[in-house]
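Just below is one structure, and these are the notes that go with it.
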Amino acid sequence: MSTLGSKVQQVFNEPGCATNQAKKSLDRKKGCNRVLAPGAAAGGCAFDGAKIALQPITDVVHLIHGPINCEGHSWDGRGAKSSGSSLYRTSFTTAMNEQDIIFGGEKHLYQSIKEAVRKYNPPAVFVYQTCVPAMIGDDLEAVCKAAAKKLGKPVIPINVPGFVGSKNLGNKLAGEALLDYVIGTEEPEKTTPYDINIIGEYNLSGELWQVKPLLDELGIRILACISGDAKYHEVARSHRARAAMMVCSKAMINVARKMEERYGIPYFEGSFYGIGDTSDSLRRIAQLLVERGAPAELLDRTEAVIEREEARAWGRIAPFKARLAGKRALLFTGGVKSWSVVAAMQEAGLTVIGTSVKKSTPDDKERIKEIMKEDAHMFDDLKPREMYKMLKEAQADIMLSGGRTQFVALKAKMPWLDINQERHHAYAGYEGMVALVSEISKALSNPIWEQIRKPAPWEFDITRNELSIHVA
Amino acid sequence: MARVTISDKYCTVNPLKMSASIGAALAFMGVDNSMPLLHGSQGCTSFGLVLFVRHFREAIPMQTTALSEVATVLGGFDNLEQALLNIAERTHPTLIGICTTGISEIKGDDLTGFLKLIRAKHPKLDGISLVDVSTPDFQGAFQDGWAAAVTRMIEELVEIPRSDARLSRRVNILPGCHITPGDIDELRDIFEAFSLDPVFLPDLSGSLDGHIPTEFTSTTLGGISVEQIKRMGSACWTVAIGEQMRGAAITLEHHTGIPYKLFGRLTGLAANDELMGFLSEISGVPVPRKYRRQRGQLIDAMMDGHFYFGGKRVAIAAEPDLLFAMSHWLHEMGCEIQAAVTTEQSPVLESIPVDEVLLGDLEDLEQRAVGADLIVTHSHGRQAAERLHIPLFRIGIPNFDRLGAGQQVTVGYRGTRDLIFDIGNLLVADAHEPTPETWMPRIRPPQDLVTLQ
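First to last, the sequence lines map onto chains A and B.
Using our numbering, the first residue of the first sequence is number 1, and each one after it goes up by one.
Using our numbering, the first residue of the second sequence is number 1001, and each one after it goes up by one.
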């Protein structure tokens, strides 16, 4: 546990993280782990976070060492897409039983790794430690080391028992495992001046593919995406990239910063959500590559693509304006996504009446204020009951949020759109913003809303020939 | 009949099983204004919650004691105390159902002792029923947790009747976890048609049936009330559905003296004939006309459907009671059970009409399903079905990629009839059109062979 403890400390003290650096040194040591309130907590554990971060690597065996609570309820549940192998959608777990608890689970784990390799022959095995084996003292690193030696394949220990902290911490610990065991262990066959890494992009609903064609057109090669639609060898060879973009800033900042430190790969923080943000990100990628020696004409070609794509996207969003003008939206999502999505929604004529800032940094909040001006209504935490009241009283016309609050909106008979990880639509890049606006329009204009808000026949006051209740 | 074997694999691949912890949590969701609480790390709750949200497409009340590394080592008393106080203050529940997990069980937290101390210390919890249940996730599976939670509710809440006076029409019904909200509605109609007054423990039809409430609550939106549970001792009969509920029925009998009748399943003609006979007998009411007609409709559907079911090979993976119901009924429709995979031991397994019942996972099912005409399991069977090009009938939890999981009805004459249509249509749609080579593969000239390869 002591090594894990020091790892957690190290991850918390992240010099690349602005929030962390703004703290006093004592607070910095405490880390950014929110103290979880028993009986009032929501969200996943560190193991959950690690799996979210790594499971998009498509061709490896992801083996979960723990009892059935850890893997049995969540496998094949996320929408990370693959252009090749589907092995990442196959679930592997030791499903520990009472015997393992009494005698220790190390043998069971070792045999499981062996069995998985024999049957599925993956380029590597990722083994996740959970609470129960951590409690009984199963030595994950030792088993992985022994298995790797015996099987002649990388067996990567990912030490993330759920009780060490939040999902976000798990994201980072997963990144540490890649840094310690995977990145830099193989050499690419060839490199080009146009090689980049994209870090913290998971290819949910295929979002990477909304952006990749533009990079392809510019001749920019994604050496590795960590971890959306990634193959093991790509991640292992990612240390030869010329530049990197870090997408979901809070999740894998340690990976981007340490790769800069170790391999001299400069990175920037960007987003593919929103039209302006996508353009900025493409620009920054081109700039960084040129700074690292790529021909300067890349900049001009990039500008040309940006100009063309922006015009096309705005042109496709324009027809929605008439329908969406004046509609009020409530936005509940984490971190960066807030402000970048707000801009696109405003462009489509929507008024964003409020947004959550629970996961946003002070910087994010400033930007939201700037974009939303006096309309800005920022919620740190809105209880479901209050959210329901807001929607019921029709202070908004549509809510955009994650699955957790879906039914608060729907039970208030209010249009709702999923913009979190489980969503079925891809919203990245120029294509994605057009899709988002189109989905909002579809949700708002669906004829069901008018029908279901009408009162039931028994709510009709016959004697007065009028409705006895009023529906917003 | 069947041999029950245990998979000799080390590594579980594509689990069929879910934990006892969340099985118990779902049982508590069948009680009005309740809050299930998992005593474990917050991931234990979060994974289960997301699973139920995707299955029922409803908001799911479920909380966690959020055990940290330190609390895991030093014991979870403080976390449990704080969780109960927080839940009481924020959501004002009538019942909090506390389910353990692997973590708290290994540490050895004494929940019964903890609750005594907490009760003594905090009189403000007096109005809230607290029921704890031991559900380590390294032991048993979903239906075991469900059954254990129901048994514990009976032990903790049902009052011993003061007199022998019974409500002559009242019947307690203890449904297994494979009985959906839609099934419960169907059963309620059936019992009421015999002028009986059924009370379901748990009653998911009140909480997870998809109704639109007038107010938003963070606890369950309906279900059996704690007051109704307390008065279960005043019923004349207890009906248990599924072998998993036998323990709970016996506990209720010991507690209150109420006799019980267990139905292993309520899918199929004979099973429902037995139900109708039993209800008529205990109620003194002849079988209503409606059900006589429904019986005829079922018989007609059996005749219409048997062309498609007869001789079909089916691979099934489900928890024991659901496996029992589906495999016997499909066998009665003329199907051959090619493979049966389940999660845990149960007395019903040996009777299943198949050579071998395997305690295994969906990888085992996939291997044994090769050449089958139909796969029957929960949504996670979709990958195997795709790879093998075999139609999949989704049943059980989780069903996250089709609509209406909570309203899937498989009980009663009508439920059985509709099941014939649903599965029959899958088989009809999968019928292969004959080609000139279907019966007599043509011997091709050599050049054809070359282009083929």
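Beta carbons: idealized from backbone N, C-alpha and C, even for Gly.
Only a predicted model underlies this, so the values are computations on that prediction, with no experimental measurement involved.
Nearest candidate by alpha-carbon position, reference residue i, set the options
| i | options | result |
| --- | --- | --- |
| residue 1241 of chain B | B:1266, B:1088, B:1225 | B:1266 |
| residue 286 of chain A | A:343, A:327, A:214, A:250 | A:214 |
| residue 1177 of chain B | B:1146, B:1185, B:1199, B:1183 | B:1146 |
| residue 377 of chain A | A:406, A:328, A:404 | A:328 |
| residue 1238 of chain B | B:1097, B:1034, B:1201 | B:1201 |
| residue 186 of chain A | A:198, A:265, A:238 | A:238 |
| residue 309 of chain A | A:41, A:218, A:322 | A:218 |
| residue 408 of chain A | B:1248, B:1221, B:1437 | B:1221 |
| residue 1416 of chain B | B:1229, B:1337, B:1010, B:1328 | B:1328 |
| residue 97 of chain A | B:1381, B:1362, B:1343, B:1397 | B:1343 |
| residue 1153 of chain B | B:1049, B:1031, B:1309 | B:1031 |
| residue 1133 of chain B | B:1349, B:1149, B:1163 | B:1149 |
| residue 49 of chain A | A:104, A:411, A:4, A:162 | A:162 |
Chain-ordered chain B contacts of residue i [CB-CB under 7 Å]
| i | result |
| --- | --- |
| residue 388 of chain A | 1216 |
| residue 473 of chain A | Residue 473 of chain A is absent from the structure shown; chain A starts at 1 and stops at 472. |
| residue 216 of chain A | The contacting residues do not exist; residue 216 of chain A stays about 29 Å from chain B at best. |
| residue 192 of chain A | Within chain B, no residue comes near residue 192 of chain A; the closest Cβ sits about 37 Å away, beyond 7 Å. |
Residue i and residue j closer than 8 Å at C-beta
| i | j | result |
| --- | --- | --- |
| residue 417 of chain A | residue 400 of chain A | yes |
| residue 1319 of chain B | residue 1142 of chain B | yes |
| residue 348 of chain A | residue 317 of chain A | yes |
| residue 154 of chain A | residue 148 of chain A | yes |
| residue 70 of chain A | residue 1042 of chain B | no |
| residue 1322 of chain B | residue 1381 of chain B | no |
| residue 256 of chain A | residue 16 of chain A | yes |
| residue 1252 of chain B | residue 1158 of chain B | yes |
Residues near residue i by beta carbon distance below 6 Å, same chain, minus five either side
| i | result |
| --- | --- |
| residue 1330 of chain B | 1314 |
| residue 76 of chain A | 89 |
| residue 1263 of chain B | 1241 |
| residue 62 of chain A | 55, 126 |
| residue 1438 of chain B | none |
| residue 1287 of chain B | 1276, 1280 |
| residue 1185 of chain B | 1205 |
| residue 1172 of chain B | 1199, 1232, 1235, 1238 |
| residue 1453 of chain B | For residue 1453 of chain B, the predicted structure reports a pLDDT of 45, less than 50, and the residue's modelled location is therefore unreliable. A value from the coordinates is still provided. For residue 1453 of chain B, where only same-chain residues beyond five positions count, there are no Cβ hits under 6 Å. |
| residue 199 of chain A | 226, 244, 246, 252, 255, 256 |
7 Å CB neighbourhood of residue i in its chain, flanking five on each side removed
| i | result |
| --- | --- |
| residue 1400 of chain B | 1054, 1055, 1379 |
| residue 1161 of chain B | 1233, 1234, 1256 |
| residue 293 of chain A | 193 |
Under 7 Å by beta carbon: chain A residues contacting residue i
| i | result |
| --- | --- |
| residue 1018 of chain B | 68, 72, 73 |
| residue 1176 of chain B | Per Cβ cutoff of 7 Å: no residues; residue 1176 of chain B is ~19 Å from chain A at best. |
8 Å CB neighbourhood of residue i in its chain, flanking five on each side removed
| i | result |
| --- | --- |
| residue 472 of chain A | Per-residue confidence for residue 472 of chain A stands at a pLDDT of 42, beneath the threshold of 50, marking its modelled position as unreliable; no derived number is given. |
| residue 1388 of chain B | 1366, 1369, 1370, 1372, 1375 |
| residue 1433 of chain B | none |
| residue 1109 of chain B | 1039, 1075, 1076, 1077, 1080, 1100 |
| residue 1 of chain A | Its pLDDT being 43, under 50, residue 1 of chain A is placed unreliably by the model, and nothing is read from it. |
| residue 469 of chain A | Reliability fails at residue 469 of chain A, whose pLDDT of 48 lies under 50, so the model's placement of it is uncertain and the value that follows must be treated cautiously. Around residue 469 of chain A: 455, 459. |
| residue 1429 of chain B | 1391 |
Where residue i meets chain B, residues with beta-carbon distance less than 8 Å
| i | result |
| --- | --- |
| residue 84 of chain A | Those within 8 Å of residue 84 of chain A in chain B number zero; the least Cβ separation is about 16 Å. |
| residue 37 of chain A | 1066, 1082, 1086 |
| residue 411 of chain A | 1059, 1212, 1213, 1216 |
| residue 11 of chain A | The premise fails here: residue 11 of chain A is roughly 15 Å from chain B at the closest Cβ pair, so nothing lies under 8 Å. |
| residue 316 of chain A | Residues of chain B passing the Cβ test: none, with the nearest at roughly 30 Å. |
Within chain B, partners of residue i - CB distance below 9 Å
| i | result |
| --- | --- |
| residue 95 of chain A | 1011, 1012, 1015, 1017, 1138, 1361 |
| residue 155 of chain A | The premise fails here: residue 155 of chain A is roughly 13 Å from chain B at the closest Cβ pair, so nothing lies under 9 Å. |
| residue 14 of chain A | Neighbours of residue 14 of chain A on chain B: none; closest Cβ ~20 Å, over 9 Å. |
| residue 423 of chain A | Here the premise fails: no neighbours, minimum Cβ distance about 13 Å. |
| residue 98 of chain A | 1136, 1138, 1139 |
Neighbouring residues, chain A, relative to residue i (Cβ below 9 Å)
| i | result |
| --- | --- |
| residue 1220 of chain B | Ordered by position in chain A, no residue passes the 9 Å Cβ test against residue 1220 of chain B, which lies about 13 Å from the chain. |
8 Å Cβ cut-off: residues of chain A touching residue i
| i | result |
| --- | --- |
| residue 1022 of chain B | 69, 73 |
| residue 1079 of chain B | 38 |
Using a Cβ-Cβ cutoff of 9 Å, what residues of the segment 130–147 of chain A are near chain B? List them in chain order. 130, 131, 132, 134, 135, 136
Near-chain B residues of the segment 100–130 of chain A (beta-carbon distance less than 9 Å), N- to C-terminal order: 100, 101, 107, 108, 109, 110, 111, 112, 113, 114, 115, 116, 119, 120, 130
Taking only beta carbons into account, state which residues of the segment 1360–1382 of chain B come closer than 7 Å to chain A, listed in chain order. 1380
Quick one, which residues of the segment 41–65 of chain A are near chain B if we go by CB-CB under 8 Å, in chain order? 41, 42, 43, 44, 45, 46, 47, 48, 63
Cβ-based contacts, 8 Å cut-off: residues of the segment 222–242 of chain A near chain B: none
Short-range partners of chain A found in the segment 1095–1125 of chain B, where Cβ spacing is below 8 Å: 1101, 1102, 1103, 1106, 1107
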